[in-house]
Structure formats: C-alpha cells, structure tokens
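Following our numbering, the numbering of the sequence shown begins with -5 at its first residue and continues without gaps.
From the three backbone atoms N, C-alpha and C, an ideal C-beta is built for every residue, glycine too.
Bear in mind that the values here come from a model prediction, so they are computed numbers and not experimental data.
Presented below is the structure to which this report refers.
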Amino acid sequence: MVTEWGMSGLGFVNLADESEPLFLGREITQHKDYSEETAKRIDQEIHKILDAAMEETRKLLTAHRQQLDALTNELVEKETLDDAQIRILLGFEPLEVNFEPEVEQRAQNEQENNKPEQEPNEQGTS
C-alpha cells in the first residue's frame, strides 16, 4: 500500500522492487532503491496506517460491546449459531431466503443440456 501504490503521506511514488520473483523470505534478500531515511519514512507511514486501523477497531468494538457480549454468551451456551440466530441476537431482521426456484431452474437446465441430440430421420429432419 505504501511502497507500491503511494497510498500514504509519501505521495504517489512506487518504491517497490518488482524485479525479483515473489517467494517466502524475499525481504531478506530484497534490494532497496531508496535511502535509509526513506525506509524510515516508509516505516512511519506503515505504523500510522496500523495505528489508525487499531484505533478504528477499538472504537467499533467499544461501540458494539453489548452486542458482542450477547453473542459471546449465546455462543458459550449453544456453541454454534446460524445466520438467523445471529441476526435476531444482534437486532436485525432474519433474511427470508428461498433457493427452491433457483435449484429447480438449474436442475431443468442440466436436464436440457444432457439430452442426447436427435439424429435426423431418412428425410433429413429430426
């Protein structure tokens, strides 16, 4: 994000070395085309992004603490919950999903696709 796409305070510059193949441990042997000062700025930008993400995560978890506690208690009691149970627990309407027409349509399409072609009769028509 920071070195390849310029999504930081460093601006729209590509600092990534794309000449080497991707494999595990590439960071160890990766050649840098930028100074130690630029590397420091890259690290600062990465930390700034991570800190902002952590702060946003904390805010979301704090804001929805009651729902998380209710979900936790229900999971401790039942171990597994389906979509409808979770939606009701969190205060959302359960989704009404009916896949029957889609399943029937697919089965019909498969039958039509698997029919053997009729061979023409003696007059050249089928």
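Pick out whichever of the options has its Cα sitting closest to the Cα of residue i.
i	options	result
A78	P88, T32, P95, K72	P88
Assuming residue i is part of the alpha helix (DSSP H), what are its boundary residues?
i	result
H41	30 to 57
N103	94 to 108
L83	77 to 83
Is the beta carbon of residue i less than 8 Å from the beta carbon of residue j?
i	j	result
L75	L69	yes
Less than 8 Å between the CB atoms is what I'm expecting for residue i and residue j, so what's the real figure, rounded?
i	j	result
L142	L55	With the chain running from -5 to 120 in the structure shown, residue 142 is simply not present.
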